[in-house]
Amino acid sequence: VKRYINWDDRYNFIKILEKEGRVFITSEEPLPKSIEKYKLNIDPMYFIDALAFSSGYIGEGHMTAREAVALGKPSILISPRGKLESVIKDLYDNGYMKIFESYKDMSNIDIETLLMQNNTNFKKEIENFVDMNLFFIYAIKNHSTILDMWRTDKKRIISKFKFGV
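Numbering of the sequence shown is given in our numbering, commencing with residue 5 and proceeding in unit increments.
Here is the structure:
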């Protein structure tokens, strides 16, 4: 079943968002002239960089919503089937992402507060995550002793690479 969210709902929501800050849109389909000015004209290769430096993500793309969470950005998915997808449902259930079925469902929502709540929840939880990049750099630099260190004091090594430490 193909879902349909009309452009009028999107346009009305963009006008609400515009009060909070700059709005950028990416789309796989052509944009109507009324919202063409919001189109983010960048090489697709740099899209994740743009997302990483954004205030957050609000949109219909399931993958982009998950990528925003992975980047530590507030993420709001607009999707009537969002809670059915296992990965998305898990992110929603653990407070990393908000899901609304339509833009109309968000018309009376304080976007700034919603993004801040989402961001606060994420920052609280991210302290339990390990920065695997730093861990692997450490492991490579200490390759001759890392296995012995891991066997004797795994918890200390893991705590050394937690985000925010």
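For glycine and all other residues, C-beta sits at the position ideal for the given N, C-alpha and C. A quick note: this is a predicted structure, and the numbers were derived from the prediction, not measured.
DSSP three-state assignment for residue i, whether helix, strand or coil
{"i": "residue 76", "result": "coil"}
{"i": "residue 29", "result": "strand"}
{"i": "residue 165", "result": "coil"}
{"i": "residue 102", "result": "strand"}
{"i": "residue 43", "result": "strand"}
Assigned exposure category for residue i - 16 Cβ within 10 Å defines buried
{"i": "residue 158", "result": "exposed"}
{"i": "residue 50", "result": "exposed"}
{"i": "residue 17", "result": "buried"}
{"i": "residue 82", "result": "buried"}
{"i": "residue 92", "result": "buried"}
{"i": "residue 67", "result": "exposed"}
{"i": "residue 78", "result": "buried"}
{"i": "residue 25", "result": "exposed"}
{"i": "residue 14", "result": "buried"}
{"i": "residue 162", "result": "exposed"}
Alpha-carbon to alpha-carbon, residue j and residue i
{"i": "residue 154", "j": "residue 137", "result": "17 Å"}
{"i": "residue 80", "j": "residue 151", "result": "41 Å"}
{"i": "residue 36", "j": "residue 72", "result": "25 Å"}
{"i": "residue 107", "j": "residue 90", "result": "22 Å"}
{"i": "residue 54", "j": "residue 96", "result": "23 Å"}
{"i": "residue 166", "j": "residue 149", "result": "21 Å"}
{"i": "residue 40", "j": "residue 20", "result": "17 Å"}
Option nearest residue i by Cα separation, candidates the options
{"i": "residue 28", "options": "44, 34, 40", "result": "44"}
{"i": "residue 100", "options": "107, 70, 88", "result": "70"}
{"i": "residue 38", "options": "12, 63, 48", "result": "12"}
{"i": "residue 76", "options": "48, 56, 87, 88", "result": "56"}
Taking only runs of the alpha helix (DSSP H) that begin and end inside the segment 49 to 98, which ones reach a length of at least 4 residues, in chain order?
Fully enclosed alpha helix (DSSP H) runs of 4 or longer: 51 to 56, 66 to 74, 90 to 97.
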